[in-house]
Structures are given as C-alpha cells and as structure tokens.
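Asks: Here it is, the structure, as structure tokens.
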C-alpha cells in the first residue's frame with residue numbers, strides 16, 4: 019500500500035511527519051482505510067514510502083492521540099472509530115440518549131393538537147384571568163434601578179419569605195435563606211442532582227415517576243433503581259433490599275398527587291418511608307408540585323423529618339400557571355450555598371421580574387378563590403373521566419378524585435410496546451395527545467398504562483377515538 | 019476479634035447474614051473498625067463467631083457493594099472510606115469542585131458593596147428607565163389564555179423572528195427555527211456543552227475567558243485546553259499544535275469585546291481561526307454577548323463560516339438589562355432539536371412572559387437611542403479609567419475604548435496568588451469588588467491581572483484604595 023508521494027525538499031513545510039499524518043487522515047476520511055482495518059507495520063509503511071521509521075512512528079502516534087488510529091500492544095495499529103463527521107451533524111450519542119420519550123417535547127410545540135389528554139397542565143381558560151395582568155401593571159411602577167440587575171443569587175427575598183412562611187404553615191421549618199428560587203421546579207431538580215450526586219452514584223426513584231427526572235438522572239449518569247409506587251406510598255420491601263444491596267444516596271419521591279399516578283402517601287406510608295431513610299441513611303428529595311390542588315391535608319415528608327433528611331422541591335406551574343417559570347428548593351443550611359453556586363454557574367440568577375410577579379399573584383386576594391375553584395373543577399373532571407373509563411372498561415390504577423392526573427389502561431387485550439406507540443401516533447393524527455406509561459417507567463416497561471390529564475380527558479372525541487382504535491363496544495348507559 | 023453474639027434461634031429475623039452486616043456496619047460507624055484497617059479473613063471471622071463461611075462471605079459482599087468494605091484480589095478485605103456522614107452535610111466533593119472562584123457568586127449577594135469594579139453589568143441608573151415599564155403595561159393587555167401555557171420549546175416565535183432578522187443583517191443566515199431561546203446566554207452555553215459534548219471530550223478555550231464557561235466545562239467533566247488570547251484573535255500556533263495532539267471537538271471563543279480582556283478579533287484573526295477550524299474539523303462556539311456595545315463593525319465568526327461550523331450564543335443582559343434573563347443560541351438545523359430537548363429536560367420552556375417583554379423592548383423606538391447613549395458613556399468611562407491607570411502606573415493589556423471591560427494590572431512588584439486574594443479581601447472590606455484574573459484563567463494562573471468594569475472603575479475611592487494597599491506614589495498630574 020502506497021498512500022502518497024512524500025515531498026522531500028529541504029525546509030519545505032509541512033514536514034514529512036505532517037505529510038504522513040495528512041495522507042493517513044485523508045485515507046481514513048475517504049474510507050480507503052476503513053474502521054478496524056490493520057495498518058502496515060511502522061517498518062513496512064516506512065519502506066513503502068521511503069521514510070524513516072521515526073517519521074512514521076511520530077505520525078502514527080499523533081493519529082493515536084487524536085483517536086484516528088488505535089494501538090494495541092503486540093497487535094500493531096488499526097484504524098479507530100471515525101467519530102468526526104461534519105461537525106454540525108448530530109453527534110452519534112445524542113439520539114439514543116434522548117429516545118422516544120421525547121415525543122412529549124415534540125407535541126409541546128404542536129398547537130394543532132386540541133385534545134391534550136396526555137399533557138401536564140391546565141387548560142389556559144381555567145386560569146385566573148385578571149391577576150397576572152394586574153401584577154404586570156403593578157411591576158410597571160417599580161423603578162428600573164430596583165429591577166435591572168441580576169438580583170440575589172437565592173432569588174427575590176420577599177418571595178422567599180412568603181415561601182418560608184407557607185412551608186412553616188405546613189410544619190416545615192425553614193428560613194428564607196434556606197429557600198433557593200429557580201427557573202421552575204425542573205431546574206431545581208437538576209441543580210440538586212448536579213450538586214449532590216456524582217456520575218455513578220446510586221439513587222432510588224418511584225416506578226412510575228416524573229419523566230424529566232429520569233432524563234435528568236440519565237444525562238448526569240446517575241444509576242437509578244426503581245421502587246414500585248403503591249396507592250399508599252412506595253413498596254418498602256423493595257426499597258429496603260435495594261438499600262441493602264446498593265449504596266443508595268437519595269430517593270426521589272412525590273408525596274402528594276404524584277405525577278403520573280395521581281396517588282398520595284398516607285401518613286403511615288410516609289412514616290415507614292422515613293424510617294427506611296433513617297435506617298439506610300439516604301437523602302429524600304421530595305417533589306411537591308401539586309399540593310395546592312389537594313382539597314384536604316396530606317403528609318409532607320419535609321415537615322415530618324426536617325431539612326436534615328429531606329430536600330424539598332416545588333414551584334408555581336400547577337397552582338399559578340406554567341408560563342411563570344418560577345420554582346424553588348428548600349434544604350438544610352449547609353446545602354444552600356453549593357446549590358446556589360450550581361444555579362449561578364448554570365444560568366446565573368433566576369428572573370427577578372417573574373419572581374416579583376409571582377409574589378404579587380400569591381398575595382392577590384383572588385388567588386385563594388381561584389385555587390378553590392380549580393380544585394372543585396378538577397373534582398368534577400375526575401368524576402366525569404372516571405365514569406367514561408368505567409363505561410369503556412378501562413382500569414384505573416387508583417381514583418384520586420383530585421389533581422390533574424389519572425393513571426389508567428384500556429381493557430385487555432391492550433396495546434403495549436410498539437402497538438402502544440402506534441396507538442399514540444394514530445391519536446396524534448386525530449388531534450389527540452396521549453402519554454404512554456412507558457415514558458414514566460424507569461425501566462421503560464409498558465404494561466398498557468396511560469397518564470390522563472382529567473381536565474382534557476372528558477372530551478367525547480377522545481372516547482370515540484378509543485372505541486374505534488381499540489374496537490371497544492359502545493358504552494353501557496350507567 | 020469478636021464483634022457480636024449471633025442470635026441463632028430459627029426463623030428469627032434478621033437472618034445471620036443481616037446480623038453480621040449490622041454488626042460490621044456498627045463497628046465501622048463507631049470507628050472500632052477504622053478506614054483502611056484489614057478485616058479478618060472470611061474463614062477467621064466465621065470461626066470467631068461460630069458462623070458458616072457462606073454467611074460471612076454474603077455479609078462481606080453486601081458491604082463491598084455498599085462501599086463500606088473494599089476487596090482486593092489476594093489482599094483480603096479492608097474497611098472502605100466512610101463517606102456517609104449525616105446526609106444533609108455537604109458531600110466532600112462539592113467544595114473542591116467549586117473553588118475560590120465563587121467569591122464572584124458570593125459578592126453577587128452583597129448589596130453593601132458600592133464600588134463594583136469587578137462586576138459584569140452596567141450600573142442600574144444607566145439603563146433606559148421607561149421601556150421596561152412600558153413593555154410590562156403592554157403585556158398586561160395580552161389575554162391570559164395566550165400567555166399561561168408553557169409555550170413553544172424553542173421560545174416565543176416573534177422574538178425568534180426578530181433575532182433571525184438581526185443575525186441576517188450581520189450576514190449570518192439562519193431561520194427563526196434555528197434560534198433556541200434560553201434562560202440567559204449562560205444556560206445556552208450549558209445546553210451546548212451537555213448536548214454536543216461528553217465527559218472526557220477535549221475542547222479549547224481562550225486564556226483568559228468567561229469564568230462560568232470554565233465552571234460549566236468542569237461540572238460536565240470536559241477536558242479544557244487553554245489557548246492564549248491575543249489582541250487580534252487567539253494564538254494560532256498553540257491552537258494548531260493542540261488540535262494535532264488532541265481530538266479537539268470544539269473551540270469556545272468570544273469574538274467581540276471579550277470578557278474579561280475587552281479585546282476584539284480583527285478580520286484577519288477571524289479568518290485564520292476559521293481556517294484552523296476547517297483544517298482540524300472542530301466546532302466553534304461563538305459567545306457574542308457584547309456586540310451591541312461596539313460602535314463600529316467587527317467580524318462575526320458565524321457570519322463568515324455559517325451554521326455548519328459555528329454555534330452562535332448571545333443574549334440581552336448587556337444590551338437590554340441583566341434581569342431580563344433571556345438568551346439564545348443559533349445553530350445548524352440538525353442541532354436545534356437535540357439542543358431543544360436538553361433545554362426541555364433541564365427546565366422545560368423558557369419564560370414566554372419575559373420573551374414577550376424583550377420583544378417589546380427591542381422594537382421600542384427608545385432602544386436605538388439608548389444603545390448609542392450607552393456606547394458613548396462607556397467610551398468616556400474608558401478614557402477616564404485609562405487615565406487613572408496611566409497615572410497609577412497600571413499596565414493595560416489592551417485599550418479597547420468600548421464595552422464594559424478593561425484587563426489591567428498594577429505596577430511591579432505586583433500581588434499574585436495568595437497576595438492577590440488578600441488584596442481582593444481587603445478591597446471587599448472597603449466596599450470594593452475586585453475580580454482577580456485567576457478567576458478567568460483556565461489553569462487558575464495569576465499574573466497579577468484584574469478585570470475592571472469601566473462603568474464602576476472611575477471612582478476616586480478605588481484609586482485611593484490601590485494607592486494605600488499597594489503603597490503607590492500619589493499620581494502625577496498628566
């Protein structure tokens with residue numbers, strides 16, 4: 019094999035080593051030398067091209083350093099994996115890392131979908147109409163000099179005071195400086211993961227659980243072990259043996275109106291979970307987005323065990339509105355600074371303008387009335403959707419009667435795996451967004467469950483679609 | 019060594035393995051068994067406690083899995099590093115990872131600092147006073163139904179159209195769907211790193227460069243190689259040999275009014291850089307925050323080489339105001355989706371309310387006038403600060419005469435390392451925020467440079483402080 023004719027003029031640039039590197043590089047890029055192919059020995063290559071073995075060795079080594087060649091002791095040199103395509107091409111690891119669950123993100127963008135049965139937010143016309151405009155008008159009177167800078171790393175202090183007071187009312191005793199405002203609760207989750215966990219660390223998650231949590235853990239290369247959610251809490255036996263078998267650093271859990279099942283912990287379930295956390299000495303990260311949608315009281319792990327055991331995450335996308343993009347975490351004092359530093363390096367401060375707007379909204383007299391109205395409306399929607407499910411033979415995993423979500427599956431024989439993806443794709447064509455259960459399963463399993471947003475799932479066209487697509491009989495009048 | 023008396027009653031829980039695990043665990047936590055101490059062999063331990071070797075082996079293995087014991091082939095078992103302190107304690111890797119450069123974040127929070135010579139933003143009273151209030155009042159008329167939801171994953175479309183139009187005016191041809199709005203430009207940087215790079219990947223950065231970039235790369239375990247910044251561009255020879263020695267995937271660069279040096283690329287410097295990018299086939303990530311502060315034209319790498327080679331980052335914290343927290347990236351079509359997905363999983367959508375506010379602000383007739391005013395004011399501040407520097411014998415690395423930053427150092431013998439940190443600490447006590455150059459150095463080196471924000475550095479108290487702290491002679495009238 020002769021790849022090129024060396025240019026031997028003295029003082030010519032590039033050097034013979036450079037020329038050899040370039041020739042090999044070109045041959046690899048042109049696929050004359052293909053991935054895995056053995057190269058001639060250094061001696062052989064030198065002889066073929068009339069070069070010194072030193073020149074060839076230097077060239078080979080440079081290409082090894084760049085990953086274009088691989089060297090194995092005793093086995094000579096081979097062409098490495100060619101990973102540098104055109105640089106603007108998507109790197110090969112991007113697609114598999116993200117996977118099909120991102121159908122969820124894609125449908126976010128599609129406003130032609132009218133029946134958002136799989137979405138995670140309330141219909142826009144359910145929101146309080148007057149309070150955000152009012153808050154924005156109030157903000158327009160704040161002098162720019164008070165509102166132009168980055169603001170405090172922890173976020174707008176009056177809002178942190180309001181949150182600390184609210185948490186204290188629930189029995190969770192934190193000071194305003196233990197509250198870190200974030201760009202939504204999802205950023206709070208990412209900050210906790212990136213600050214307190216390292217790649218390779220083991221954590222436990224509920225099965226099923228919040229889809230973005232699984233993505234955040236995967237992106238940070240955390241090893242997530244699944245613990246089945248029960249209607250009263252989580253499966254303690256599984257958690258116990260997990261914690262015996264692995265150095266579990268943290269458990270991520272949603273105590274109230276869990277996404278996606280809608281289930282809430284009982285007080286007994288909460289106690290048993292915290293006992294396990296004590297015994298095995300792991301942190302609990304409590305994601306508590308939906309508490310305000312629950313009409314009655316429910317356990318809050320952070321208030322039971324305190325900030326030395328529980329990191330508390332919440333935000334205002336469920337109880338105010340999603341476009342607010344303000345969330346927070348509350349934690350033990352020694353953890354506040356490291357978390358704030360991670361927040362600052364990931365995106366500097368959060369938006370004080372929006373934090374001031376939330377502060378206005380929460381103190382607006384309309385807010386309490388709005389929450390009561392939303393809870394009542396969701397209760398009615400649960401009744402309506404549960405009736406449609408019974409009539410169509412759907413199995414509900416539990417019937418929370420509150421919050422946004424209902425976790426249910428069609429009667430057997432039900433679609434799973436490929437058939438479920440097909441069903442969701444068919445639904446999209448009919449203007450219906452479904453959220454297959456596998457999106458929320460830490461192991462990607464699919465047992466035919468779907469997450470229903472009750473605010474969107476009373477639509478007769480949804481049930482018409484199911485009857486057609488699954489060949490269900492017409493419903494019996496109840 | 020006998021650690022415990024096994025309870026041998028049949029059917030008793032816990033099992034003998036459980037009991038052994040607990041006894042060893044307690045001995046390790048009580049420090050009866052200390053870190054690094056050799057354990058008895060399995061056979062020996064079994065004999066001492068009247069247990070079967072199977073029981074002891076199972077117990078040892080479980081503790082190895084949990085990291086409490088370490089097993090080395092042929093060397094038996096040792097007590098591992100006891101890493102589980104009280105869980106709410108700061109994990110031991112947090113502090114070293116963040117390091118002293120986070121003095122920067124700490125001073126963010128301190129409003130008692132009146133002379134912010136080291137900060138990265140304009141004084142609040144320099145901002146346009148009327149346009150944000152006006153934008154907020156306009157927004158208060160938008161019906162909630164149009165503004166309550168999460169919004170499009172790429173961000174508010176009219177703002178993306180505005181940005182695409184603006185970039186086209188600079189010769190960078192992208193469509194609105196190639197623009198991804200983010201929570202400030204720093205989040206855009208994190209998104210690019212997390213989407214397109216993997217831990218262990220090699221990249222090149224300028225020396226010195228934006229401090230948060232270094233933190234983001236470190237947090238994502240990217241190997242950053244330093245390339246010296248020159249007054250015309252970057253040191254091409256270093257970049258060339260770096261790219262020969264390592265598989266450099268990307269170069270992060272600020273073309274115009276660089277943070278911290280204030281330097282801008284010449285057209286020739288930009289061309290030579292892009293030739294190297296072609297030759298070595300790496301991506302260029304162009305961080306272009308301050309272009310609007312430059313009075314004249316300057317090269318934009320993205321417009322010279324296009325989106326197939328350059329990912330473009332910018333935002334509105336320098337040309338509108340920091341509290342806006344809206345940034346963006348513009349890139350090749352195949353990269354938009356993966357980046358949008360990373361954005362969605364890290365914190366869902368960005369704030370449409372703020373994006374609408376920016377859109378109003380940019381179209382406000384006052385914006386152009388404001389920018390012209392700011393540029394003139396910064397030019398005057400540069401003159402004033404440069405004069406103070408000359409009078410005090412300070413060495414300016416370059417004199418950009420525009421933008422916010424001036425990179426300069428005191429006359430020799432100048433403080434470096436510990437002495438520089440001491441100087442910055444003394445300054446804080448005097449109400450002065452200094453930004454030592456080591457914060458911006460990829461290798462943490464300190465050659466006595468400081469980043470000065472000219473908008474804050476004309477203050478006579480700053481120069482009084484320097485005269486006192488560095489024993490400088492009184493300045494000569496010029």
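Protein chains in written order, with the working numbering: chain A, 19 to 496; chain B, 19 to 496. All C-beta atoms, glycine included, are put in the ideal place defined by N, C-alpha and C. Just so we're clear, the structure is a prediction, and the values are computed from it rather than from any experiment.
Which residues share a DSSP beta bridge with residue 87 of chain B?
Replies: BP columns for residue 87 of chain B point to B:97.
Asks: Given this structure, state the Cα-to-Cα distance separating residue 200 of chain A from residue 374 of chain B, to the nearest angstrom.
Replies: Approximately 20 angstroms between the Cα atoms of the pair.
Asks: Report yes or no: is there a C-beta of chain B within less than 9 angstroms of the C-beta of residue 147 of chain A?
Replies: So, interface residue.
Asks: Run through chain B and tell me which residues come within less than 9 angstroms of residue 223 of chain A, C-beta to C-beta.
Replies: Simply none; closest approach about 15 angstroms.
Asks: Could you check whether residue 420 of chain A and residue 275 of chain A sit closer than 9 angstroms to each other, using their CB atoms as the reference points?
Replies: Contact flag set, yes.
Asks: Per DSSP, which residues does residue 159 of chain B bridge with? Please list them.
Replies: According to DSSP, residue 159 of chain B bridges with nothing at all.
Asks: With a 10 Å radius around its C-beta and 16 neighbouring C-beta atoms as the bar for buried, classify residue 143 of chain B as buried or exposed.
Replies: Exposed: under 16 other Cβ atoms inside 10 Å.
Asks: Could you tell me whether the Cβ of residue 205 of chain A comes closer than 9 angstroms to any Cβ of chain B?
Replies: Chain B, which has a Cβ nearer than 9 angstroms to the Cβ of residue 205 of chain A, makes this yes.
Asks: Of all Cβ atoms in chain B, is any one closer than 9 angstroms to the Cβ of residue 465 of chain A?
Replies: Taking Cβ atoms only, chain B never reaches closer than 9 angstroms to residue 465 of chain A, which makes this a no.
Asks: Which residues in the same chain have their Cβ closer than 8 angstroms to the Cβ of residue 55 of chain B, if we skip the five residues on either side of it in sequence?
Replies: These residues qualify, in order along the chain: 96, 97.
Asks: Whose C-beta lies closer than 7 angstroms to the C-beta of residue 154 of chain A among residues of the same chain, with five residues either side of it excluded?
Replies: Around residue 154 of chain A: 375.
Asks: Which class does residue 220 of chain B belong to by DSSP, given the choice of helix, strand or coil?
Replies: In the structure shown, residue 220 of chain B sits in a strand (DSSP, three-state: E or B).
Asks: Which value, in whole angstroms, describes the spacing of the CA atoms of residue 293 of chain B and residue 319 of chain B?
Replies: So the alpha carbons of these two residues sit roughly 11 angstroms apart.
Asks: Please report whether the beta-carbon of residue 89 of chain A lies at a distance below 9 angstroms from any beta-carbon of chain B.
Replies: Not one chain B Cβ lies under 9 angstroms of residue 89 of chain A.
Asks: How many Å lie between residue 50 of chain B and residue 471 of chain B at the Cα?
Replies: Cα to Cα, the separation comes out at about 57 angstroms.
Asks: Taking three-plus beta-carbon pairs below 8 angstroms as touching, is the stretch 195-209 of chain B in contact with the stretch 357-369 of chain A?
Replies: The stretch 195-209 of chain B is in contact with the stretch 357-369 of chain A.
Asks: Looking only at C-alpha atoms, which of B:131, B:457, B:462, B:452 sits nearest to residue 484 of chain B?
Replies: Nearest option by C-alpha distance: B:452.
Asks: Does the beta carbon of residue 208 of chain A sit closer than 9 angstroms to a beta carbon anywhere in chain B?
Replies: Yes, because at least one Cβ of chain B sits closer than 9 angstroms to the Cβ of residue 208 of chain A.
Asks: Where does residue 144 of chain A sit, in a helix, a strand or coil, going by DSSP?
Replies: Residue 144 of chain A: helix per DSSP, three-state reduction.
Asks: Taking 9 angstroms as the CB-CB cut-off, is residue 230 of chain A touching chain B?
Replies: Answer yes: the Cβ-Cβ gap between residue 230 of chain A and chain B drops below 9 angstroms somewhere.
Asks: Less than 9 angstroms between the beta carbons of residue 180 of chain A and residue 367 of chain A, yes or no?
Replies: No; because the gap between Cβ atoms is not below 9 angstroms, this pair is not in contact.
Asks: What did DSSP end up calling residue 116 of chain A once you bin it into helix, strand or coil?
Replies: With a pLDDT of 34 at residue 116 of chain A, under the threshold of 50, the predicted position of this residue should be treated as unreliable, and no value is reported.
Asks: Below 7 angstroms on C-beta distance, what does residue 168 of chain A contact in chain B?
Replies: Within 7 angstroms Cβ-Cβ: 126, 139, 340, 341.
Asks: In chain order, what residues of the stretch 45-70 of chain A put their CB closer than 7 angstroms to some CB of chain B?
Replies: Under the 7 angstroms Cβ criterion, the stretch 45-70 of chain A contributes no residue.
Asks: Within this structure, are the beta carbons of residue 227 of chain B and residue 454 of chain B separated by less than 9 angstroms?
Replies: No, the pair does not count as a contact, with Cβ atoms beyond the cut-off.
Asks: With 16 other CB atoms within 10 Å as the buried threshold, where does residue 25 of chain A fall?
Replies: When all chains shown are included, residue 25 of chain A counts as exposed.
Asks: So who's on the other strand from residue 413 of chain A, going by DSSP bridges?
Replies: Paired residues: A:427.
Asks: Starting from residue 243 of chain B, follow its DSSP beta bridges and name the residues at the other end.
Replies: Its beta-bridge partners are B:222.
Asks: Could you name the residues of chain A that residue 265 of chain B contacts, counting a contact when the two beta carbons are closer than 7 angstroms?
Replies: Correct list: 84, 85.
Asks: Which chain B residues are close to residue 305 of chain A, counting only those with a beta carbon under 9 angstroms from its beta carbon?
Replies: Within 9 angstroms Cβ-Cβ: nothing; residue 305 of chain A doesn't reach chain B, min ~14 angstroms.
Asks: Who are the neighbours of residue 241 of chain A on chain B, taking C-beta pairs under 8 angstroms?
Replies: Those within 8 angstroms of residue 241 of chain A in chain B number zero; the least Cβ separation is about 12 angstroms.
Asks: By the three-class DSSP mapping on this structure, what secondary structure does residue 279 of chain A have?
Replies: In the structure shown, residue 279 of chain A sits in coil (DSSP, three-state: anything other than H, G, I, E or B).
Asks: Just the Cα atoms here: how many angstroms apart are residue 104 of chain B and residue 214 of chain A?
Replies: Summary for residue 104 of chain B: the model assigns pLDDT 48, below 50, so the residue's position carries little reliability; its value from the coordinates is reported in the next sentence. Answer to the nearest angstrom: the Cα atoms are 13 angstroms apart.
Asks: Which of the three DSSP states, helix, strand or coil, is assigned to residue 104 of chain A?
Replies: Any reading at residue 104 of chain A must be qualified, since the residue scores a pLDDT of 48, below 50, and its modelled position is unreliable; the value itself is stated next. Looking at residue 104 of chain A - three-state DSSP - the assignment turns out to be coil, as it is neither helix nor strand.
Asks: Between residue 255 of chain A and chain B, is any beta-carbon pair separated by less than 9 angstroms?
Replies: So no, residue 255 of chain A is outside the interface.
Asks: Taking the DSSP output, what are the residues bridged to residue 199 of chain B?
Replies: For residue 199 of chain B, which the question treats as bridged, DSSP gives the partners B:346.
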